[in-house]
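Mapping of the sequence shown onto this note's numbering: residues 1 to 413, in sequence order. Note that the Cβ used here is the ideal one computed from N, Cα and C, for glycine as well. Since this is a predicted model, take the numbers as computed values, not measurements.
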Amino acid sequence: MERLRAACPEAAPTAVLAGDPCFDRMLAALPYRARFRRALDVRRGQRLVLLNSTWNPDSLFGDGGGEDVLPSLLPRLTAELPADEYRPAAVLHPNIWHGHGPGQIRAWLDRARRGGLTLVDPLEGWRQALIAADVVIGDGGSVSYYAAALGTPVLMGTAPSDGLDAGSPVAAFVRQAPRLSPYVPLRAQLDTLLAGHRPLPDPAELVSSAPGAAAALLRRHFYRLIGIPEPAEPALLDPLPLPPHEPVSRTAPMRVVTRLLGNGEIELSRYADPRSEPAGDGDAHTAVHEDTLDPGRLALADVIHRDGPADDVRFGTPEQWTAEVLARHPHCALAAHVTGAGSCTVRTRNGALLRLAGDPAAADPADPAAYASALHAWLAAGKAPEDLSAAGMTVRTGACAHRVSVTPVPPTR
1 MERLRAACPE AAPTAVLAGD PCFDRMLAAL PYRARFRRAL DVRRGQRLVL LNSTWNPDSL
61 FGDGGGEDVL PSLLPRLTAE LPADEYRPAA VLHPNIWHGH GPGQIRAWLD RARRGGLTLV
121 DPLEGWRQAL IAADVVIGDG GSVSYYAAAL GTPVLMGTAP SDGLDAGSPV AAFVRQAPRL
181 SPYVPLRAQL DTLLAGHRPL PDPAELVSSA PGAAAALLRR HFYRLIGIPE PAEPALLDPL
241 PLPPHEPVSR TAPMRVVTRL LGNGEIELSR YADPRSEPAG DGDAHTAVHE DTLDPGRLAL
301 ADVIHRDGPA DDVRFGTPEQ WTAEVLARHP HCALAAHVTG AGSCTVRTRN GALLRLAGDP
361 AAADPADPAA YASALHAWLA AGKAPEDLSA AGMTVRTGAC AHRVSVTPVP PTR
């Protein structure tokens, strides 16, 4: 109201303080954060990194000229961040989709999407994704400001040089928010941001002067204007719907770094199509999805995998598919058919057919393709699968330990 009086005194007498219904819907949906995370296929131990952009030339998805960080940022989201520890997604303003067209947007983001980036519905899904996010990389748009108001760490990929009122709350937020450095490893920046994060009080206070009350304030005003009494029942906003499940899809070749820790424990980090060898101690191998864009990469794969129902007649049974893959690719050591959220069937080069299954009591199992890579590391070290049959194996991804059973699959007649 104070800024309105200063900018346009003539409008002040008719102004109404009515809250923010968009923010109120997000506040009401906060208890369902875990559901929204499961809808985006965020697994235990993963951090959801949400990239967002508004639509003006100064935005993250705008024309950054020679200083544009987006072309380098997109592949870094999937190439530098371990796939089992970070889940990338992006929310782009509807005007970006309208201005460039869906085909062009998907073409620009193709490599990142093959590495595991999910595009969130810009109209119906962005609020739920914002609630689910652990960290946001954005610009001076309202989504970044809403994120800060919810207490989520925000890293500014670009800061608008003009277009924002210098006295506005958003401009004040942009000035003090930490900046993304295009020359510093992305994971180090995100880890530093998360470790030192302290929610800013101003965004939460200035998004709405009446949090939770927008529906009542607006309805009271509307009925006063038309001159009839308000209904007796309370004014309510539609709750945010639960989005459809968006399972992560990674068809880019994965470089996998593994380390055997003893007692059937394998530490593992997977990186989607990195431009250089990932850092870290241990051995490395390449795991390639059968639907990779470049079929030539299959000839170099140590592990080939795919996912789908076990009864899909197009591929045959997992037993048939794994045998076919190893026959077609003589340099592949292990084939894995992911048949469920926490299990896969694998065949080794020596013909052993095994089922790998996560702990059924675990709410969010790891990607079973990671289990297959862990088993490959075990076998490549000269160990036998029978050594894991009794006690199983433990696959460590970041701070999470996943218990995995290893059982022989009897041959079918």
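Residue range of the beta strand (DSSP E) that includes G99: No beta strand (DSSP E) holds G99; the alpha helix (DSSP H) holding it covers 94-100.
Quick one: what does DSSP say R396 is sitting in, helix, strand or coil? Of the three classes helix, strand and coil, the one that applies to R396 here is strand, per DSSP.
Does the region 376-391 come within contact of the region 239-253, defined as at least 3 CB pairs closer than 8 Å? The region 376-391, when compared against the region 239-253, does not touch it at the 8 Å Cβ threshold.
In the DSSP assignment, find the unbroken beta strand (DSSP E) run with T345 in it and report its ends. 343-348
Enumerate in chain order the residues of its own chain whose CB-to-CB distance from H289 is below 7 Å, with the five nearest sequence positions on each side excluded. Taken in chain order, the residues that qualify are R250, T251, H305, R306.
Return yes when the Cβ of L117 is within less than 7 Å of the Cβ of G88, no when it is not. In the sequence as presented, Gly is not what sits at residue 88; that position holds Pro. Taking 7 Å as the Cβ cut-off, P88 and L117 qualify as a contacting pair.
Opening and closing residue of the beta strand (DSSP E) in which A335 lies: 334-338
What did DSSP end up calling L354 once you bin it into helix, strand or coil? strand
The region 166-181 / the region 140-147 touching (three or more Cβ pairs under 8 Å): yes
How about the region 14-25 and the region 210-221: do they share at least three Cβ pairs that are nearer than 8 Å? The region 14-25 makes contact with the region 210-221; the number of CB pairs closer than 8 Å reaches 3 or more.
Hey, G398 and E85: beta-carbon distance below 7 Å or not? yes
Take the Cβ of L209 as the centre, count every other Cβ of all protein chains shown within 10 Å, and call the residue buried at 16 or more, exposed below. Note on residue identity: the sequence assigns Ser, not Leu, to residue 209. Per the 10 Å Cβ criterion, exposed.
Assuming R270 is part of the alpha helix (DSSP H), what are its boundary residues? Element bounds for R270: not the alpha helix (DSSP H) but the beta strand (DSSP E), 265-272.
Tell me whether the region 388-395 and the region 30-40 touch, counting them as touching only if at least three CB pairs, one residue from each stretch, are closer than 8 Å. no
F222 to L17, Cα distance in whole Å? Straight-line measurement puts the Cα of L17 at about 13 Å from the Cα of F222.
Using beta-carbon positions only, say whether A232 and R219 come within less than 7 Å of one another. no
Secondary structure of A188, DSSP reduced to three states: helix
Buried versus exposed call for A301 [16 or more other C-beta atoms within 10 Å across all chains shown]: buried
Report the CB separation of L353 from E319 in whole angstroms; it is logged as a contact under 8 Å. Taking 8 Å as the upper bound for CB-CB distance, L353 and E319 are in contact here, some 6 Å apart.
Assuming I131 is part of the beta strand (DSSP E), what are its boundary residues? Element bounds for I131: not the beta strand (DSSP E) but the alpha helix (DSSP H), 126-132.
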